[in-house]
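Engineer:
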């Protein structure tokens, strides 16, 4: 055959043929050297050694000889044997010259690569006949491709004969292809029982056809929808999920595994499969699709944790398992943040601190890497939560350090909350002056109480009275016995007897304790006029003092 003849290189003579070509390369020049190089490329192609053939042909790129018919024929054959189309130049390729008896084979391979069903149907039968013009390694390598084309086109008798040929070859790959294609052939005609039987036989291997059989079984189970079918598919997928790596078939198996897990209400397992898609197929449409549904699934799982359907221990176990796959994902950072929120709400301050620190590390990584999904305010929200958890766990110094890093937009709710938290931290650290100098806009009763108590401790009776009166006026429902007591004391000491008396009048309602109310009355009672000390007056004064001390002891102040 002109330009390309793979049969001229028998497989059992490969070593001798290659040695002879190497000798020729060392002694030839000009056109003879050019022909020898092409002979070496053809020799490699005949053995399906495609990388080696590509390397040889690549060494001739840019040379004038690279436009020769033989070079073009070898280059096109290499592309087609790799599964790549030559459609834009197929009409000019020497491989489809009318004089070639194997032209249908090359046209079929091009149609397969392009997904052209019309051209495939037109040339598929002729492609089987053309196999007789190829070397044994090439025929063996192409037979599964042609057999699959015949099965998909439902070329009766041809597809069955092709499967029989594969079985006759007897090697594991050919047998795997035969079993898979037998299953596919049965599925296409609606014979599900036979399809499942053959797919299960094919799935027993570890090659590409075993992987495709597992995907096919999963598709059938998802279509069936019954729990039994889904569980059977899950077993098959779990057994083979790590056996095939790196192409669309691994991706298909991971996608089906996630779908089956979701159908069986196994969100954690589905997320593991989705995480593997994100890790192994980044920056692809499949990873974006996985990112969308995993984000939703993480939200649903977090909602269960917040509702108490997951214990904190179970939630932590889920987070640990997902961490290797999702650690850089914004949705996972939010998932961990919600775990911290739940822990803080339930009193688990140590766990909350740990989770917030982890989230902060993720967000800082996203900031450093210039992630498009980064939310600048989100990192300040987490810092605020971390400082809150640190304060509640008794680590006020560390909380103060975190608050220094907080830079919220002025006038925002977060800025107000941060200032309030700053007041609590200063109070806990005993930094009274810093507390009093702190600007706390929209201060609530807790913040006012902190500053009022600081004023009281500094014996600033006027300032303490003003702040406690503000709590009383602005937050009457929050004004408690302690507030009333400190207000009464500060007012009394600054000589504001009117305020002190008003507190005495309302104290029974606030305290709901007649003992404390009696103490207030005793405290504000006018002292007895000074008179010569008599046994009776001395006894009365001692009795009043003793009663006041007993009431004071019961008050808890």
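In the working numbering, the protein residues as written are 2 to 558. Glycine is no exception: its CB is placed at the ideal position from the N, C-alpha and C atoms.
#1: What's the gap between the Cα of residue 142 and the Cα of residue 149?
#2: Spatial neighbours of residue 453 within its chain, please: CB distance less than 6 Å, with the 5 preceding and 5 following residues excluded, ordered by chain position.
#3: Enumerated in chain order, which unbroken segments of the alpha helix (DSSP H) with a length of 4 residues or greater are wholly contained in the region 104-154?
#4: Quick one: complete alpha helix (DSSP H) runs, 4+ long, within the region 249-333?
#5: Can you tell me whether residue 7 is buried or exposed? The criterion is at least 16 other CB atoms within 10 Å of its CB, across all chains shown.
#6: Tell me, to the nearest whole angstrom, how far the beta carbon of residue 433 is from that of residue 459; I am working on the premise that it is less than 8 Å.
#7: Report buried or exposed for residue 11, applying the criterion of at least 16 other Cβ atoms within 10 angstroms of its Cβ.
#8: Looking at the unbroken alpha helix (DSSP H) that takes in residue 482, where does it start and where does it end?
#9: Could you give the distance in angstroms between the alpha-carbon of residue 29 and the alpha-carbon of residue 35?
#10: Counting along the chain, where does the alpha helix (DSSP H) carrying residue 73 start and finish?
#11: How should residue 13 be labelled, buried or exposed, when 16 other C-beta atoms within 10 angstroms of its C-beta is the threshold for buried?
#12: Just curious, the alpha helix (DSSP H) that residue 1 is in, first and last residue?
#13: What is the C-beta distance between residue 381 and residue 414, in whole angstroms, given that I count them as a contact (C-beta under 8 Å)?
#14: Taking C-beta to C-beta, are residue 259 and residue 243 nearer than 9 Å?
#15: Would residue 293 be called buried (16 or more neighbouring beta carbons within 10 Å of its own) or exposed?
#16: Between the Cα of residue 131 and the Cα atoms of 481, 102, 122 and 254, which residue gives the shortest distance?
#17: Output the boundary residues of the alpha helix (DSSP H) element that contains residue 221.
#18: What is the rounded straight-line gap between the Cα of residue 227 and the Cα of residue 261?
#19: List in chain order: all unbroken alpha helix (DSSP H) runs of 4+ residues lying wholly within the region 356-415.
#20: Could you check what DSSP says for residue 473 in three-state terms: helix, strand or coil?
#21: Using the three-state DSSP reduction, which class does residue 458 fall into: helix, strand or coil?
#22: Quick one: using the 10 Å Cβ neighbour count with 16 as the cut-off for buried, is residue 83 buried or exposed?
#23: If you reduce the DSSP assignment to three classes, tell me which class residue 4 lands in.
#24: Between residue 324 and the rest of its own chain, which residues show a CB-CB distance below 7 Å, the 5 nearest in sequence each way excluded?
#25: Exposed or buried, residue 3, counting other C-beta atoms within 10 Å across all chains shown (16 or more means buried)?
#26: Between residue 163 and the rest of its own chain, which residues show a CB-CB distance below 6 Å, the 5 nearest in sequence each way excluded?
#27: What residue range does the alpha helix (DSSP H) around residue 177 cover?
#28: For my contact list, residue 383 and residue 361 are in at a C-beta cut-off of 8 Å; report their separation, rounded to the angstrom.
#29: Classify residue 17 as buried or exposed, calling it buried when 16 or more other Cβ atoms lie within 10 Å of its own Cβ.
#30: Helix, strand or coil: which one does DSSP assign to residue 98?
#31: Under 9 Å between the Cβ atoms of residue 253 and residue 212?
#32: Are the beta-carbon atoms belonging to residue 126 and residue 167 less than 9 Å from one another?
#33: I need the straight-line Cα distance from residue 160 to residue 107, nearest angstrom please.
#34: Give me, in chain order, the residues of the same chain whose beta-carbon lies closer than 6 Å to that of residue 473; leave out the 5 immediate sequence neighbours on both sides.
#35: Starting from residue 22, trace the alpha helix (DSSP H) both ways and give me its first and last residue.
Structural biologist: In short, the structure shows the following:
#1: 12 Å
#2: 465, 468 and 469
#3: 104-115, 118-131 and 137-153
#4: 249-264, 268-281, 286-307 and 313-327
#5: buried
#6: 6 Å
#7: exposed
#8: 482-494
#9: 9 Å
#10: 70-82
#11: exposed
#12: Residue 1 lies beyond the stretch modelled for the chain, which goes from 2 to 558, so this question has no answer here.
#13: The Cβ separation is near 11 Å, so there is no contact.
#14: no
#15: exposed
#16: 102
#17: 209-225
#18: 11 Å
#19: 377-393 and 397-406
#20: helix
#21: helix
#22: exposed
#23: coil
#24: none
#25: exposed
#26: 148 and 151
#27: 173-189
#28: 5 Å
#29: exposed
#30: coil
#31: yes
#32: no
#33: 19 Å
#34: 480
#35: 15-28
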